[in-house]
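The sequence shown stops at residue 126 when you use the UniProt record's numbering, and every number in between is there. Glycine included, every Cβ here is placed at the ideal spot set by N, Cα and C.
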Amino acid sequence: MPVELLILGAGWTSTFLFPLCQQHRLSFAATTRSGHNSTIKFHFDQSSDDSEPFKVLPDAKTVLITFPITARGGCQKLIRLYKTTRADDLNPAFIQLGATSIWGEQGLRRHKDGPNPKVIAPAENK
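See below:
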């Protein structure tokens, strides 16, 4: 049975997402690079097409990506690799949180100082 929410990258957001999921009785799982605090050890290598690291992840109804994806096509790659390790009938929703560091006092900084790698994935997923 899939978890309702899989949080990829349980860093700062886990401080409020975990209690919120528990409060609303949502089943969830989360990843960190180290696997600490009862999370699943997982690292997304944006330059690799290896689906093996995705096999440890549980099936989920919704996958929340909380880390920046900086490689062009990286978000599509993550989705594809996750889906190739799942049953065909599983069709999860994907949500990607953008990085707030791309916003400055003057608005989006992608045109000001040259390309910001944290802008790539959000711009691709409009």
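Counterpart residues of residue i in DSSP-defined beta bridges
i	result
residue 129	Not covered by the structure: residue 129. The range shown for the chain is 1 to 126.
K41	T32
Beta-carbon contacts of residue i that lie in its chain and below 7 Å, excluding the five residues immediately before and after
i	result
S51	L81, T84, T85
F79	Per the sequence shown, the amino acid found at residue 79 is Ile instead of Phe. So the qualifying residues of the chain are F94.
C21	L5, F28
V56	I40, F42
N- and C-terminal bounds of the beta strand (DSSP E) containing residue i
i	result
T32	28–32
N- and C-terminal bounds of the alpha helix (DSSP H) containing residue i
i	result
L17	14–23
L78	74–84
Any non-hydrogen atom of the ligand GDP closer than 7 Å to residue i Cβ
i	result
S34	Questions concerning the ligand GDP fall outside what the structure shown contains, since it holds no ligand whatsoever.
Whole-angstrom distance between residue j and residue i, CA atom to CA atom
i	j	result
Q46	L8	14 Å
P58	H24	20 Å
A10	D89	27 Å
K61	M1	10 Å
C75	N91	16 Å
T31	P53	12 Å
L26	V3	8 Å
Beta-carbon proximity list for residue i, same chain, < 8 Å, skipping 5 on both sides
i	result
L97	T13, L64, I65, T66
R33	K41, F42, H43
F16	none
F18	A10, F28, A30
D49	K77, L81
Beta-carbon contacts of residue i that lie in its chain and below 6 Å, excluding the five residues immediately before and after
i	result
G35	K41
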